[in-house]
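Asks: So the sequence shown is residues -26 to -1, 1 to 293, counted in mature numbering (1 follows the signal peptide of the UniProt record, and there is no 0).
Glycine residues also receive a C-beta, built at the ideal position from the N, C-alpha and C atoms.
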Amino acid sequence: MKQRSTPSWRFIGMVTLLLIAPTTMSAESYQLVPRWGAASAYVSSPPSVLIQGGKVDSTDFSSYASGVNSADLITIPLDASFDVTSPPVSQLSFASAGPPYAFHTLSTGDENSSLLFGGDSGGSEPVETSATSVWLLNSTGFTHEPEAWGSQPIRRIYHSAVSSGGTVYITGGLKNDGSGQAFSDTYAFDSSSQVFTPMPPLPSGLYHHTTALLPNGTLLVVGGVAISTLTGNPSAIDMSTVYTFDTIADGSVWEERSLVGNPPTGRRGATLVLNDAGDQAFLYGGADAGLSQAMADGWKLDLTGCTWSQVLSSDGWSS
Ligand SMILES: *[C@@H]1O[C@H](CO)[C@@H](O)[C@H](O)[C@H]1NC(C)=O
Ligand SMILES: *[C@@H]1O[C@H](CO)[C@@H](O)[C@H](O)[C@H]1NC(C)=O
Ligand SMILES: *[C@@H]1O[C@H](CO)[C@@H](O)[C@H](O)[C@H]1NC(C)=O
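Below, the structure is given as structure tokens:
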């Protein structure tokens, strides 16, 4: 049984991934190119962000789904401040490189490894729906785990993953076969036993949502899209409600919570982060359900009062 703990506990769980292994890894400075559908993870030692894969567009004509898949692994150190117009980006390369996946997730696992899960393989795998998407990253590089390793569920895209204390929580996603099947599945991956355990399903299938794990162990699911039973098209979930799940208590079920204040318009592919105290969540950007319009607005969700307010207008200015 896990212990509920104080806010500082959240950071202990963020992995120490030792990226110093000169014989197997090299870092080269890197010219950032526009990239989407990449996976990213925060690494606490040394403090940095890792960005893996995604899609790049060499032609300027790619759609969201059609760009070319990349297998790049990029790092941005966070131990010193930098000019955001020219971040100190470098590319890491290992003898055992990572996969050219997009719309996957990368999550800190135990102190020495990260879990890459799901994603579109860009044709590098024979089937897009088998249980073959797990790669582990440690200081010597990536390892593609065999089919059904750790009871991994089948590959999916646009799912969400969040981790703490060695457990990675995976929610929802879309089957990557064009069928439009949205998953309500949720899993907890335990880094020490290296097993995926199913958790109770979400109330409905949803994908391209955001998640956060609150300091008290509550998993929060915000936004995303579901497939409309009327039209068969993606339909944005109303942001005046969120789903929560208590990962600590035994026998928890998903709960739908109503929020007050001024909720953002429904959206997919947004970014959600918590403040240090874990009592406020900030949501930025995203796109409408049909991916025809990108958004540049920012919102605050006060988790104590369950209240939304807007903090950045759609042209990116503080409001
Ligand atoms: C991480 O690596 C260190 C150094 O090899 C080792 O002492 C430690 O037990 C490892 N931690 C886990 C959780 O495997
Ligand atoms: C990294 O993972 C590979 C494959 O599981 C393993 O052989 C290697 O020993 C690991 N490296 C470290 C430093 O743990
Ligand atoms: C965890 O924190 C959230 C946000 O403050 C709160 O809504 C929820 O009820 C808390 N859950 C538990 C089990 O304490």
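1) Whole angstroms is fine: what's the gap from V199's alpha carbon to P61's?
2) For G197 versus A263, is the C-beta spacing smaller than 7 Å?
3) Is the separation between the beta-carbon of F116 and that of W109 shorter than 7 Å?
4) Do the region 180 to 190 and the region 250 to 268 meet, that is, are 3 or more Cβ pairs less than 8 Å apart?
5) Out of V142, I48, V63 and P100, state which residue places its alpha-carbon closest to the alpha-carbon of F91.
6) Below 6 Å, is the gap between the Cβ of E85 and the nearest heavy atom of ligand 1?
7) For the region 88 to 107 against the region 46 to 53, do three or more pairs of beta-carbon atoms, one drawn from each stretch, fall closer than 8 Å, so that the two count as touching?
8) What residues in its chain sit with their C-beta under 6 Å from that of D253, if we drop five residues either side in the sequence?
9) Quick check on M(-13): does DSSP put it in helix, strand or coil?
10) Just how far apart, CA to CA, sit residue 297 and S(-1)?
11) With DSSP as the reference, identify every bridge partner of Q284, one or two as the case may be.
12) In terms of residue numbering, what span does the beta strand (DSSP E) encompassing E230 cover?
13) Out of curiosity, what's the CA-to-CA distance linking S288 and P238?
14) Hey, which unbroken runs of the alpha helix (DSSP H) at 4 residues or more fall wholly within the region 108 to 185?
15) I need the DSSP call for A1, collapsed to helix, strand or coil.
16) With a Cβ-Cβ cutoff of 7 Å, do S64 and Y4 count as a contact?
17) Quick one: which unbroken alpha helix (DSSP H) runs of 4-plus residues sit fully inside the region 185 to 225? Chain order, please.
18) Closer than 8 Å by C-beta to L233: which residues in its own chain qualify, once you throw out the five before and the five after it? Chain order, please.
19) What is the DSSP secondary structure of F68, counted as helix, strand or coil?
20) Have a look at S87, G93 and S81 and flag the residue whose alpha-carbon is nearest the alpha-carbon of P73.
21) Grab the span of the beta strand (DSSP E) containing S22 for me, first residue to last.
22) Measure from the alpha carbon of S22 to the alpha carbon of each residue in G41, D53 and A39, then state which is nearest.
23) Say the cut is 6 Å; is the CB of T114 nearer than that to a heavy atom of ligand 2?
24) Can you have a look at P174 and say buried or exposed, based on whether 16 or more other CB atoms are within 10 angstroms of its CB?
25) Would you say T117 touches ligand 2, meaning its beta carbon is less than 6 Å from a heavy atom?
26) Taking the continuous beta strand (DSSP E) assigned at V17, which residues delimit it?
27) What do you reckon, are the CB atoms on G140 and S165 nearer than 7 Å?
28) So which of P20, A156, I144 and S138 has the shortest CA-CA distance to P189?
29) Would you mind giving the Cβ-Cβ distance between I25 and A39, rounded to the nearest angstrom? I have them listed as a contact below 8 Å.
30) Could you tell me whether the Cβ atoms of N43 and A76 are closer together than 7 Å?
31) Can you name, in chain order, every residue of its own chain whose Cβ lies under 7 Å from the Cβ of E102, other than the five neighbours on each side?
Replies: By the coordinates alone:
1) Roughly 32 Å between the two C-alpha positions.
2) The answer is no: Cβ separation not under 7 Å.
3) Here F116 is near W109, since their CB atoms are less than 7 Å apart.
4) A contact exists between the region 180 to 190 and the region 250 to 268.
5) For the residues V142, I48, V63 and P100, the minimum Cα distance to F91 belongs to V142.
6) Yes; taking the cut-off as 6 Å, the Cβ of E85 has a heavy atom of ligand 1 nearer than that.
7) Proximity of the region 88 to 107 to the region 46 to 53 falls short of the contact definition, fewer than three beta-carbon pairs being nearer than 8 Å.
8) Correct list, in chain order: L277 and T278.
9) Residue confidence is low: M(-13) scores 32 on pLDDT, short of 50, so the model does not pin down where it sits. Its coordinate-derived value is still stated next. If DSSP states are grouped into helix, strand and coil, M(-13) belongs with coil.
10) Because the chain in this structure spans residues -26 to 293, residue 297 falls outside the shown range and cannot be described.
11) Paired residue(s): W273.
12) Start and end: E229 to S232.
13) A straight line joining the alpha-carbon of S288 with that of P238 spans about 11 Å.
14) Restricting attention to alpha helix (DSSP H) runs no shorter than 4 residues, the region 108 to 185 encloses none.
15) Here A1 carries a strand assignment [DSSP, helix/strand/coil].
16) Contact flag set, yes.
17) Within the region 185 to 225, not a single complete alpha helix (DSSP H) segment reaches 4 residues in length.
18) Excluding positions up to five away in sequence, the list reads M213, S214, T215, V216, L275, C280, T281 and W282.
19) Strand, per DSSP.
20) Nearest C-alpha to P73: G93.
21) Start and end: P21 to Q26.
22) Between S22 and the set G41, D53 and A39, the nearest pair of CA atoms involves D53.
23) Result yes, Cβ under 6 Å from ligand 2.
24) Answer is exposed; the Cβ neighbour count stays below 16.
25) True, at least one ligand heavy atom lies under 6 Å from that Cβ.
26) Element bounds for V17: A13 to S18.
27) The answer is yes: Cβ separation under 7 Å.
28) Among P20, A156, I144 and S138, the Cα nearest to that of P189 belongs to S138.
29) About 20 Å; that fails the 8 Å criterion.
30) Going by C-beta atoms, N43 is nearer than 7 Å to A76.
31) So the list reads D94, S95, R129, N150 and D151, once near-sequence residues are dropped.
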